[in-house]
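2 protein chains.
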Amino acid sequence: MTGETERRDAAEQLALALVGAGMQRMGARTLAAFMFTEKDSLTAGDLAEELGVSAGSVSGAVRMVAQMGLIERIYVAGSRREHFRMLDNAWTTLYSRQHSVVDDVLRAVEKGVEAVGPGRAHDRLEYMRDFYTFLINEAPVLVERFERQRRGEPRS
Amino acid sequence: MTGETERRDAAEQLALALVGAGMQRMGARTLAAFMFTEKDSLTAGDLAEELGVSAGSVSGAVRMVAQMGLIERIYVAGSRREHFRMLDNAWTTLYSRQHSVVDDVLRAVEKGVEAVGPGRAHDRLEYMRDFYTFLINEAPVLVERFERQRRGEPRS
DNA sequence: GCGAACGTTCAGAAATTTCTGAAGACAGGA
DNA sequence: TCCTGTCTTCAGAAATTTCTGAACGTTCGC
Numbered sequence: 310m311t312g313e314t315e316r317r318d319a320a321e322q323l324a325l326a327l328v329g330a331g332m333q334r335m336g337a338r339t340l341a342a343f344m345f346t347e348k349d350s351l352t353a354g355d356l357a358e359e360l361g362v363s364a365g366s367v368s369g370a371v372r373m374v375a376q377m378g379l380i381e382r383i384y385v386a387g388s389r390r391e392h393f394r395m396l397d398n399a400w401t402t403l404y405s406r407q408h409s410v411v412d413d414v415l416r417a418v419e420k421g422v423e424a425v426g427p428g429r430a431h432d433r434l435e436y437m438r439d440f441y442t443f444l445i446n447e448a449p450v451l452v453e454r455f456e457r458q459r460r461g462e463p464r465s
Numbered sequence: 310m311t312g313e314t315e316r317r318d319a320a321e322q323l324a325l326a327l328v329g330a331g332m333q334r335m336g337a338r339t340l341a342a343f344m345f346t347e348k349d350s351l352t353a354g355d356l357a358e359e360l361g362v363s364a365g366s367v368s369g370a371v372r373m374v375a376q377m378g379l380i381e382r383i384y385v386a387g388s389r390r391e392h393f394r395m396l397d398n399a400w401t402t403l404y405s406r407q408h409s410v411v412d413d414v415l416r417a418v419e420k421g422v423e424a425v426g427p428g429r430a431h432d433r434l435e436y437m438r439d440f441y442t443f444l445i446n447e448a449p450v451l452v453e454r455f456e457r458q459r460r461g462e463p464r465s
């Protein structure tokens with residue numbers, strides 16, 4: 310249907326959008342490569358070639374993305390190289406992870422609430438705290454709802 | 310209750326957390342300053358002094374934060390300076406804005422779906438597209454629910 | 001029109017992030 | 001044990017982001 314060039318362009322564009330969303334460049338490109346491959350798994354060498362970067366860069370990027378829980382190492386018999394595969398729930402995982410960032414903000418705000426006496430600032434901080442708390446609680450519910458809906462299950 | 314130092318420390322900590330969430334440093338510090346002030350409004354000069362940075366930096370940061378819709382210019386009679394105030398709905402606004410970033414990702418993914426023929430990649434892209442579409446749709450609902458709940462209104 | 005008070009812009013400095021490539025570590029086979 | 005293929009680490013290079021400060025605009029009062 311489409312040429313190799315179009316595929317790569319689309320992958321690069323996705324990577325760019327992910328960078329815009331706050332991801333490291335190399336990690337984003339790695340994830341996009343997994344997104345667009347037809348192969349079962351990719352090795353560090355595959356990635357280096359596909360992305361046109363050094364082995365060192367790939368090593369770092371893969372480590373980061375793996376630790377984010379988006380890809381996993383798999384062991385392929387008869388191959389000495391390490392193979393990686395993208396997890397099915399990578400995107401929902403990524404969404405949840407972004408909420409761990411929200412958690413950091415929330416902790417900072419809670420400290421603020423304690424550090425400030427009554428007044429406008431205190432009120433503002435409480436409002437913010439409440440909203441972020443709400444988000445933290447609702448995010449997993451949202452993801453769960455998506456998954457249920459996708460599996461075609463009836464609403465709980 | 311607390312000293313000036315504690316207040317500033319807490320503000321800096323919030324700024325740091327916001328940077329972790331992907332905000333520009335200066336914008337985050339500006340927002341934190343608004344969060345922690347007891348004043349009605351702040352001028353560029355106030356911010357420069359509070360944050361210990363140049364007028365140029367403040368100008369850029371204020372522009373960015375204002376354009377994000379988190380603060381607004383207000384006109385104070387008898388003052389030639391421009392005053393700024395944080396909007397009450399700043400945090401829900403910020404949350405919604407983050408979803409405009411999600412929108413960029415979604416567009417890139419949709420392009421990918423078109424650019425790739427049937428196969429694993431196509432399936433993965435579709436799954437991702439569906440999840441991000443779901444998020445885009447649900448985010449405003451979530452915010453609305455928070456606001457209703459906060460106003461103490463009964464569940465719709 | 002002129003000066004004072006503010007705000008903005010922008011070129012370059014400073015700081016930070018990102019990438020590379022070479023050296024090293026490690027595992028397996030001979 | 002030594003060699004080979006693969007992965008990791010890390011110091012420094014390159015690119016990018018961020019901040020400053022000086023020059024320039026604008027507005028207002030006189």
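Chains as they are written, first to last, in the working numbering: chain L, 310 to 465; chain X, 310 to 465. Here a beta-carbon is modelled for each residue, glycine too, at the ideal position from N, C-alpha and C.
What is the C-beta distance between residue i and residue j, in whole angstroms, given that I count them as a contact (C-beta under 8 angstroms)?
{"i": "L:Ala424", "j": "X:Glu315", "result": "5 angstroms"}
{"i": "X:Thr402", "j": "X:Gly378", "result": "5 angstroms"}
{"i": "X:Ala466", "j": "L:Val410", "result": "With chain X covering only 310 through 465, there is no way to say anything about residue 466 of chain X."}
{"i": "X:Arg438", "j": "X:Glu419", "result": "6 angstroms"}
I need the straight-line Cα distance from residue i to residue j, nearest angstrom please.
{"i": "X:Thr393", "j": "L:Tyr441", "result": "Just to set this straight, residue 393 of chain X is Phe in the shown sequence, not Thr. Going from the Cα of X:Phe393 to the Cα of L:Tyr441 covers about 24 angstroms."}
{"i": "X:Asp349", "j": "L:Gln407", "result": "33 angstroms"}
{"i": "L:Leu356", "j": "X:Ala357", "result": "46 angstroms"}
{"i": "X:Val422", "j": "L:Glu381", "result": "24 angstroms"}
{"i": "L:Asn398", "j": "X:Arg334", "result": "32 angstroms"}
{"i": "X:Val450", "j": "L:Glu435", "result": "22 angstroms"}
{"i": "L:Gln376", "j": "X:Arg389", "result": "53 angstroms"}
{"i": "X:Met332", "j": "X:Ser366", "result": "15 angstroms"}
{"i": "X:Leu325", "j": "L:Gly387", "result": "47 angstroms"}
{"i": "X:Ile383", "j": "X:Ser368", "result": "16 angstroms"}
{"i": "L:Arg433", "j": "L:Ala448", "result": "23 angstroms"}
{"i": "L:Met395", "j": "L:Val371", "result": "11 angstroms"}
{"i": "L:Asn446", "j": "X:Phe455", "result": "11 angstroms"}
{"i": "L:Gly428", "j": "X:Arg317", "result": "16 angstroms"}
{"i": "X:Trp400", "j": "L:Val385", "result": "47 angstroms"}
{"i": "X:Glu462", "j": "L:Arg460", "result": "33 angstroms"}
{"i": "L:Gly426", "j": "X:Asp412", "result": "39 angstroms"}
{"i": "X:Gln458", "j": "L:Gln458", "result": "25 angstroms"}
{"i": "L:Glu391", "j": "X:Leu351", "result": "56 angstroms"}
{"i": "L:Ser405", "j": "X:Ser405", "result": "17 angstroms"}
Verify whether the separation of the beta carbon atoms of residue i and residue j is less than 8 angstroms.
{"i": "L:Glu347", "j": "X:Ala417", "result": "no"}
{"i": "X:Ala342", "j": "X:Ala320", "result": "yes"}
{"i": "X:Gly336", "j": "X:Met373", "result": "yes"}
{"i": "X:Met344", "j": "X:Leu360", "result": "no"}
{"i": "L:Leu444", "j": "X:Val414", "result": "no"}
> Whole beta strand (DSSP E) runs in the region 360 to 396 of chain L with 3 or more residues, listed along the chain?
Replying inline: Runs of the beta strand (DSSP E) lying entirely within the region 360 to 396 of chain L, each at least 3 residues long, are 380 to 383, 392 to 395 in chain order.
> Going along the chain, which residues of the region 340 to 373 of chain L sit with their C-beta nearer than 7 angstroms to a C-beta in chain X?
Replying inline: Flagged, chain order: Met344, Phe345, Thr346, Glu347.
> Relative to chain X, which residues along the region 386 to 397 of chain L have a C-beta separation below 9 angstroms, given in chain order?
Replying inline: Listed by position along the chain: Met395, Asp397.
>> To be precise: take each residue of the region 310 to 324 of chain X, compare its Cβ to all Cβ atoms of chain L, and keep it if any distance is under 8 angstroms. Which residues remain?
In response: Within the region 310 to 324 of chain X, the qualifying residues are Met310, Thr311, Glu315, Arg316, Asp318, Ala319, Ala320, Gln322, Leu323.
>> Please identify, using Cβ separations under 7 angstroms, the residues of the region 420 to 436 of chain X that lie next to chain L, in order along the chain.
In response: The residues in question are Lys420, Gly421, Ala424, Val425, Gly426, Gly428, Arg429, Ala430, Arg433, Leu434.
> What beta strand (DSSP E) runs, 3 residues minimum, are completely inside the region 417 to 448 of chain X?
Replying inline: Counting only runs of 3 or more, we get nothing.
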